[in-house]
Amino acid sequence: MLDKLRNIGIIAHVDAGKTTTTERILYYSGTKHKVGDVDDGDTTTDFDPLERAKGITINSAAVSIDWGDNQINIIDTPGHVDFTAEVERSLRVLDGAIGVFCAVGGVEVQSETVWFQSNKYKVPRIAYINKLDRLGADFKDCVEQMKAKLQCVPAICAIPLGLSSEFKGIIDIIRMKFVLKDDTDKTNRKYSFVDIPDSHKDEAMMYRQQLLETAALASDELMEMVLDGKDVPEATLRQALRKGTLETKFTPIYC
């Protein structure tokens, strides 16, 4: 069942949060029952004693998760410039990649290197902006850096509500809902989709319009709906985003 199998790489500059992101994917998919931490040296993909001691990834490591009927092989790649060849080796086998960016550091040197390596191998990508609750986080600046340094066309699918110490959560632009975390849940697995707070409705509508216009680059049907001012069904938007991503026309951005 090869149509149900995907090799997905996690690529980024050192310390952007690749290994931590991989740990969370393993945890939320139910593959692991406890979240590992880079600082504690107990993550799944940093298996080498030197990696655990230094807190960086040196070797690419693959782990598998089941998601619905699909099997996803996640490949956590190094972010340090000295191990670029290891990243190049991984890119050849990927069906897609997740570029992880630090909301504070933005597009860093090695982020650029791995991004253009991915262009060379025509790897479809989505981007994930991480660490929005850290001091100095700037979501919009990170997106602008991606446009300027990576020459990518952003399709923003989620935006943060607040930044740094004011960070409250994520607004899903595809569903047009606010993702509300259940603070009583110690496992951090429970959340619900609720109405977007009034304070951020106008901003969300602006990003929604931008997303529809960008997604329309990959779908004539969606383009007609946007021009006619019709409501766009979620399924139609997702199909257009998938098609445009695979054709590398644009990069969906999450946070």
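In the numbering used here, the protein residues as written are 3 to 257.
Every residue, glycine too, gets a C-beta built ideally from N, C-alpha and C.
Please read all numbers here as calculations on a predicted model, not as lab measurements.
Coil, strand or helix - Gly171 by DSSP
strand
Determine, for Leu239, whether the minimum Cβ-Cβ distance to residues of chain C falls below 8 Å.
Looking for chain C here will not work: only one protein chain is present.
In the DSSP assignment, what residue or residues form a beta bridge with Tyr256?
Tyr130
Look up Arg94 in the DSSP assignment and say whether it is helix, strand or coil.
coil
Let me know if Gln153 comes out buried or exposed under the rule of 16 or more other beta-carbons within 10 Å of its beta-carbon.
exposed
Check whether the Cβ atoms of Arg136 and Ile74 sit closer than 8 Å, and answer yes or no.
no
Three or more C-beta pairs closer than 8 Å, one from the region 94 to 109 and one from the region 227 to 235: is that the case here?
no
Does Asp222 pass the burial test, meaning 16 or more other C-beta atoms within 10 Å, or should it be called exposed?
exposed
Taking the beta strand (DSSP E) that Ser66 belongs to, which residues open and close that run?
Ala63 to Trp69
Tell me whether the beta-carbon of Ile10 lies closer than 8 Å to the beta-carbon of Ile131.
no
Between the alpha carbons of Tyr209 and Gly164, how many angstroms are there, rounded?
15 Å
State whether the region 239 to 256 contacts the region 120 to 128, with contact taken as three or more CB pairs (one from each stretch) at a distance under 8 Å.
yes
For a test of the three-state rule: what should DSSP assign to Gly138, helix, strand or coil?
coil
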